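Protein chains in written order, with this note's numbering: chain V, 1 to 213; chain Z, 1 to 213; chain P, 1 to 331; chain C, 1 to 331.
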Ligand SMILES: Nc1ncnc2c1ncn2[C@@H]1O[C@H](COP(=O)(O)OP(=O)(O)O)[C@@H](O)[C@H]1O
Ligand SMILES: Nc1ncnc2c1ncn2[C@@H]1O[C@H](COP(=O)(O)OP(=O)(O)O)[C@@H](O)[C@H]1O
Ligand SMILES: [Mg+2]
Ligand SMILES: [Mg+2]
Ligand SMILES: [Mg+2]
Ligand SMILES: [Mg+2]
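Here it is in structure tokens:
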């Protein structure tokens with residue numbers, strides 16, 4: 001199956017649901033090595049996103065329109081580091097998804113664009129204990145899964161699993177970007193909150209695709 | 001026996017010892033219904049008294065000289081309510097003890113003068129849950145015990161016991177003077193710190209007399 | 001207990017010493033006996049203003065020494081009134097011959113010690129008048145208590161009396177202005193947590209996680225009653241309504257609204273309280289003409305706040321607005 | 001958690017609303033998007049100064065809006081950088097045509113959001129320069145971190161840049177003065193207790209009764225290391241020595257010594273810290289020419305303090321001394 005605008009809306013709503021469900025968990029991760037607000041920041045942002053989706057007159061035309069709405073909403077409501085980073089990720093992803101439907105290749109392009117956006121803003125490379133450590137393996141896994149004629153669900157499944165593993169893999173890392181870097185060695189032994197929320201986000205994309213199948 | 005200047009010095013040093021010993025207890029009483037400092041205030045004061053006694057070139061001439069030294073030292077080091085109240089008590093007591101020795105009658109006069117001093121400054125009457133509730137029964141008991149030819153030790157024993165009972169009797173009282181009065185009914189069920197310290201002070205007078213016998 | 005101190009026995013001395021160095025342009029610190037006096041004291045031709053009380057309420061009182069406010073402040077031990085042997089020399093140091101006003105918060109200890117000090121100063125030929133500040137409406141039935149306490153309203157008394165002295169009023173006039181402020185100011189406070197006096201090392205009272213004390217004083221004394229935790233607006237109403245009632249504030253009147261922090265409450269929360277208190281004042285048809293929000297009369301690190309309302313007339317307002325230059329209040 | 005708030009979701013709005021009412025002579029509060037701007041903004045002929053950041057550090061930044069300091073401040077959610085859609089309008093509101101300086105504390109979130117806002121303002125024809133404040137010496141090895149944090153030194157940058165703008169400097173000059181302050185200011189902080197962010201409801205880190213965190217930031221982040229509780233003098237030495245070393249302070253130099261409270265520490269203790277820090281500065285043969293002691297850059301109700309030293313030259317001293325009229329800083 002291909003992923004259409006309804007999928008995009010499902011994806012975003014599912015992400016909002018997961019963020020709400022894991023709000024306290026994400027904040028607690030941020031309490032350990034940050035400033036105790038990551039879940040709260042995303043909850044505020046995705047609540048606004050859902051409100052704007054609900055307020056739309058008609059449904060958006062294309063996947064990219066949905067992602068652009070998410071981008072601008074997160075940028076103007078999340079704040080902190082995650083706001084501009086996720087905002088830019090969605091903005092770049094929106095640019096390459098001005099399409100009626102996404103096939104497997106378009107899904108890969110979308111994820112690549114999201115990662116590029118995060119790196120362009122935050123300048124982090126893999127291993128610095130940031131959301132990049134979820135996104136980067138997700139993109140690599142998506143690229144590897146993207147063979148001729150493959151169902152985009154398969155690509156998203158690979159990406160989601162890789163993002164989850166990437167988030168777990170941040171546990172032993174010593175942060176060198178973001179707020180956790182101030183802790184130096186003390187940042188090891190904790191999961192990066194942004195990597196954890198990124199894993200939720202990619203998993204939601206997959207679940208939304210499965211739900212629509 | 002009669003009570004001389006050596007007794008007075010013993011009395012004051014014993015009081016200082018009891019205050020030091022009960023410093024935390026008196027402060028805790030004051031924490032319950034006051035501002036958590038009564039033991040500390042008296043400890044500061046009597047430490048200074050002992051230091052001044054130690055620094056004296058020769059011994060004071062008369063009982064009154066000792067009490068005057070205590071009075072001025074407490075006034076200048078204790079502060080709070082207890083400083084002026086005890087200071088005035090000792091000052092008035094000093095005035096009627098410009099004597100080489102105190103017989104039973106002089107002991108009664110000394111206690112009366114002390115109580116007068118406290119009342120003159122603090123305007124409290126018995127039953128208001130203040131140090132007056134220790135001093136007032138002490139004076140009454142001393143007066144009652146003061147029969148022709150009685151040993152002043154007997155008078156002090158009666159006074160000390162009455163002061164202790166008086167302090168215990170403040171437990172159910174509702175304070176209407178001092179800081180505890182702000183608590184209204186909530187002041188009941190706690191011992192007045194000033195009454196408790198007054199009981200120590202009168203008991204020390206008795207012990208000092210027994211020690212010298 | 002964790003505190004940024006070296007020793008409970010020396011904390012007041014060290015703190016006042018640091019204060020003196022930090023504000024050497026404004027004040028001189030006299031050691032032994034300890035008092036803080038204007039660097040240019042005595043100021044010729046001006047009635048002297050002296051206040052003092054237990055330490056632990058900073059910036060009160062030393063933070064209010066300077067042009068337009070106090071001439072001298074006498075810090076006692078933590079939460080303990082200073083003794084006459086420091087108050088009297090401070091009084092002499094503040095005296096330029098036109099007399100000295102003692103501004104005393106109404107606590108037995110402060111009243112008694114200042115009383116003796118006034119006698120001592122009088123014996124040295126300095127005329128002393130005393131105003132007793134008693135703005136705390138939490139203390140009801142003053143027949144059955146030591147009377148209302150002096151709390152945050154003290155700042156208004158010191159500021160306005162200071163301005164009156166500055167414009168050259170004589171001692172009787174400065175005292176009567178101070179009395180007028182006291183007659184028109186009311187306060188009430190709440191504690192969300194107790195403070196810890198350094199020498200004691202334990203909280204001054206015990207509060208569970210869902211209780212607060214309404215009607216607290218500023219010495220870590222427990223309050224008038226203990227109630228379950230409530231919202232800022234509800235608490236502010238519990239503080240402000242008795243203040244306004246007791247003041248008998250009517251429509252059309254102008255007030256100074258002062259929200260004072262007890263030390264451990266963030267400034268952001270004080271503005272939340274101010275917001276509601278202002279609603280309540282305005283709901284009576286009165287007008288908030290002047291405002292003050294901050295930690296001015298504290299109880300060490302206690303969490304909590306008090307609401308103070310001062311009824312203003314044109315003269316009091318002008319005196320409030322008059323220039324002041326102290327460590328803690330300046331305009 | 002007990003706080004004088006109504007709802008974690010509305011606390012910032014209500015607090016800033018109260019702030020606006022209390023200081024209506026100085027500021028105007030713009031709602032939706034939320035920012036605080038000088039009542040007389042934009043000030044003709046003057047470079048505009050805009051700062052902002054997460055709430056919870058009050059009086060920073062809104063308390064520094066007014067003549068001689070900031071033209072606008074943008075409060076974010078608690079401890080969360082504001083978003084470009086509030087920073088950009090605040091920037092426009094502060095602009096009188098001579099350009100706007102963004103003063104940004106060095107945190108990833110603040111830097112990114114101000115960056116975007118600057119682009120948006122630029123698109124509206126307002127020239128923006130940015131100075132990133134990074135005075136916190138607790139963050140070592142900035143190669144392996146997001147770089148030094150901006151902490152209490154921000155007050156000095158805002159004050160001095162504000163004075164430069166006031167005397168008519170152009171944007172490049174104001175930016176270069178701000179950079180010079182930043183290059184010459186260093187800070188380091190300690191926490192005795194953690195703060196509680198309203199929406200989280202639990203302490204931002206866990207400290208036992210005999211531990212403290214050295215090298216904390218101002219967002220409730222844990223510090224660089226945890227050590228056993230120590231005396232004020234010992235702690236002050238742990239804060240001041242790295243600051244002086246990093247600054248390379250030498251004999252004969254003049255400094256501003258600034259002891260900043262984190263919110264929950266009594267003022268009296270800050271002066272105890274000041275006293276020792278001053279000893280340490282003077283022990284290097286340097287001179288404390290100016291002082292500031294108080295709660296200016298806070299972390300809600302956190303107990304703790306930071307020591308900031310700014311190396312002064314004649315120009316910086318004159319700009320520090322220049323008149324300022326804001327809610328929190330005034331002379
Ligand atoms: N430079 C960066 N590049 C990529 N991700 C980053 C960077 N800095 C921070 N992050 C991510 O942002 C997350 C924190 O987000 P959040 O708590 O919302 O913001 P803040 O740190 O401003 O409070 C971190 O867990 C990390 O994944
Ligand atoms: N008006 C008064 N008359 C007699 N005693 C009083 C009066 N006011 C207070 N006291 C006594 O003083 C005691 C408190 O002393 P202390 O704690 O040292 O002073 P403060 O209350 O100033 O902290 C009370 O327990 C009470 O016995
Ligand atoms: Mg965070
Ligand atoms: Mg007491
Ligand atoms: Mg006391
Ligand atoms: Mg944050």
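We put the beta carbon where it would ideally sit given N, CA and C, even for glycine.
None of these values were measured; they are calculated from a predicted model.
- Within chain P, no C-beta atom comes nearer than 8 Å to that of residue 215/C; the closest sits roughly 16 Å away.
- Residue 279/P has its CB no nearer than 7 Å to any heavy atom of ligand 3.
- Looking at the backbone, the Cα of residue 35/V and that of residue 8/P are separated by about 34 Å.
- Residues of the segment 105-130 of chain P that bring their beta carbon within less than 8 Å of a beta carbon in chain Z comprise 107, 108, 109, 112, 113, 115, 116, in sequence order.
- Counting only residues of its own chain and dropping the five nearest sequence neighbours on each side, residue 165/Z has a CB closer than 8 Å to the CB of 137.
- Annotation for residue 17/V indicates a beta carbon at 7 Å or more from all heavy atoms of ligand 2.
- In terms of side-chain proximity, the C-beta atom of residue 80/Z is found nearer than 7 Å to a non-hydrogen atom of ligand 4.
- Annotation for residue 80/C: 54 place their beta carbon closer than 6 Å to its own, counting only its chain and skipping 5 residues before and after.
- Within chain Z, 34, 35, 179, 182 have C-beta atoms less than 7 Å from the C-beta of residue 221/P, given in sequence order.
- Excluding five sequence positions before and after residue 62/C, the CB atoms of its chain that fall closer than 8 Å to its own CB belong to 16, 19, 27, 36, 73, 75, 327, given in chain order.
- The beta carbon of residue 227/C does not come within 8 Å of any beta carbon belonging to chain P, so the residue lies off that interface.
- Residue-level contact by beta carbon holds for residue 40/Z and chain P, with a gap shorter than 8 Å.
- Annotation for residue 169/V: no beta strand (DSSP E) segment contains it, though the alpha helix (DSSP H) segment containing it runs 152-169.
- For residue 137/Z, the enclosing alpha helix (DSSP H) has its first and last residue at 132-145.
- Bounds of the beta strand (DSSP E) holding residue 310/C are 304-312.
- Taken atom to atom, the span from the alpha-carbon of residue 58/P to that of residue 267/C is near 6 Å.
- Listed along the chain, the chain C residues whose CB falls inside 8 Å of the CB of residue 193/P are 2.
- At least one heavy atom of ligand 5 lies less than 7 Å from the C-beta of residue 219/P.
- Under the 8 Å criterion on CB atoms, residue 122/Z is classed as interfacial with respect to chain P.
- Sequence-distant partners of residue 160/P (beyond 5 residues in either direction) whose C-beta falls short of 8 Å from its own C-beta, in its chain, are 177, 178, 181, 316, 319, 320.
- In this structure, residue 47/P places its C-beta atom within 8 Å of the C-beta atom of residue 101/P.
- Listed along chain C, no residue sits closer than 7 Å to residue 64/P by beta-carbon distance, the nearest being about 12 Å off.
- Contact of residue 281/C with chain P is not assigned, every C-beta pair being separated by 8 Å or more.
- Residues are counted here when their Cβ sits less than 7 Å from a Cβ of chain V; for the segment 39-65 of chain C the count is zero.
- Contact residues of the segment 257-270 of chain C toward chain P are 263, 264, 265, 266, 267, 268, 269 (C-beta to C-beta distance below 7 Å).
- Each residue's CA atom was taken as its position, placing residue 212/Z and residue 40/Z some 29 Å apart.
- Relative to ligand 3, the nearest heavy atom lies less than 7 Å away from the CB of residue 179/V.
- Within chain Z, no C-beta atom comes nearer than 8 Å to that of residue 154/P; the closest sits roughly 17 Å away.
- Residue 90/V has no beta-bridge partner at all, per DSSP.
- With contact defined as three or more Cβ pairs closer than 8 Å, the segment 160-176 of chain Z and the segment 124-134 of chain Z are in contact.
- Under a criterion of Cβ atoms nearer than 9 Å, no residue of chain P is adjacent to residue 117/Z; the nearest Cβ is some 12 Å distant.
- Interface with chain C (8 Å Cβ-Cβ cutoff): residue 5/P is included.
- Check the Cα spacing between residue 33/V and each of 176/V, 150/V, 126/V: the tightest is with 176/V.
- The shortest CA-to-CA distance from residue 144/C to any of 129/V, 24/V, 122/V, 181/V is the one to 181/V.
- Taken through DSSP and simplified to helix, strand or coil, residue 84/P comes out as helix.
- Against chain C, a Cβ distance below 9 Å from residue 187/P picks out nothing, because the smallest value is about 16 Å.
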